[in-house]
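Residue numbers (my numbering): 1272 to 1450.
All C-beta atoms, glycine included, are put in the ideal place defined by N, C-alpha and C.
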Amino acid sequence: MTASIIASIGNTPMVEIKRLNPVPGVKIFAKLEYMNPGGSIKDRSALYMITAAEAAGHLSSGKTVIEATSGNTGIGLAMICAVKGYKLALTMAENASEERKRILRARGAQIILTPQHLGSDGAIEEAYRLARENPDQYYLTDQYNNPANWKAHYHTTGPEIISQVKDQAKDHTKAQTKG
């Protein structure tokens, strides 16, 4: 048993894909990131971005975390913020699925909808605007420019993959994700 849901992020299993592999002599592996508690690889990024902000002194108990999302990063942030006691505001295009909105609200996130015709760019700009105009109220995680986002995978996902495939990946390794 883990002390917190946060402790269960990462160390996801990896399996070899045998039956669907069309190339003899080539091994294909899949890392089962959907087994993270928030259901995706984005749990790792969310945890790293929040932890880095805390360590740098950018995030304290009075601030609301704000981010633009279309889904999985928002779910990861909602989980992390709920556990750590932070409020979370997520900007997203108004045409986001009702299911996604319900999932985020159920995890305590405030949803700020932006016009559909502006797409994800509109949601991103709204998050930037709110953070810029209210710096004492919001901490913008800025997933698209935050180095903690990729560092999560450099420090956790990558070493896990290397450890799990060991001598089986001799010539070439390619990582690909959908999130």
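Residue i versus the options, residue with shortest Cα-Cα distance
i, options, result
"ASN1416", "THR1428, GLU1338 and GLN1435", "GLU1338"
"LYS1289", "GLY1281, PHE1300 and ILE1280", "PHE1300"
"GLN1387", "SER1331, PRO1295, GLU1370 and SER1341", "SER1341"
"LEU1361", "GLU1369, ARG1376 and GLY1296", "ARG1376"
"ILE1276", "ALA1349, LYS1372 and LYS1298", "ALA1349"
"LEU1330", "ARG1378, PRO1295 and PRO1406", "PRO1406"
"MET1285", "ALA1278, LYS1298 and PRO1293", "LYS1298"
"ILE1321", "VAL1354, GLU1287, ARG1403 and GLU1397", "VAL1354"
"ALA1278", "LYS1437, VAL1436, THR1427 and GLN1435", "THR1427"
"GLU1431", "GLU1304, ARG1403 and GLU1404", "GLU1304"
Distance CB(residue i)-CB(residue j) smaller than 8 Å
i, j, result
"LEU1401", "TYR1409", "yes"
"THR1283", "LYS1313", "no"
"TYR1357", "ALA1423", "no"
"GLU1365", "THR1385", "yes"
"ALA1380", "LEU1359", "yes"
"GLU1370", "ILE1383", "no"
Length of the line joining the Cα atoms of residue i and residue j
i, j, result
"MET1306", "ILE1351", "16 Å"
"THR1335", "SER1311", "23 Å"
"PRO1418", "ALA1394", "20 Å"
"TYR1399", "SER1332", "20 Å"
"GLY1309", "SER1316", "11 Å"
"ASN1420", "GLY1429", "13 Å"
"GLU1437", "GLY1296", "Sequence inspection shows Lys at residue 1437; the Glu mentioned does not correspond to that position. If I take the Cα positions, the gap works out to 17 Å."
"ASP1392", "THR1412", "16 Å"
"SER1435", "MET1363", "In the sequence as displayed, the identity of residue 1435 is Gln instead of Ser. If you take the alpha carbons of GLN1435 and MET1363, they lie about 36 Å apart."
"PRO1293", "GLN1414", "36 Å"
With 16 other Cβ atoms within 10 Å as the buried cut-off, status of residue i
i, result
"TYR1425", "exposed"
"LEU1291", "exposed"
"GLN1439", "exposed"
"THR1273", "exposed"
"ILE1433", "exposed"
"GLY1281", "buried"
"GLY1390", "exposed"
"SER1245", "Beyond the ends of the chain as shown, which are 1272 and 1450, falls residue 1245; an answer cannot be given."
"GLY1347", "buried"
"ALA1324", "buried"
"ARG1373", "exposed"
"ARG1378", "buried"
"ILE1287", "Inspection of the sequence shows that residue 1287 is occupied by Glu rather than by Ile. So GLU1287 counts as exposed."
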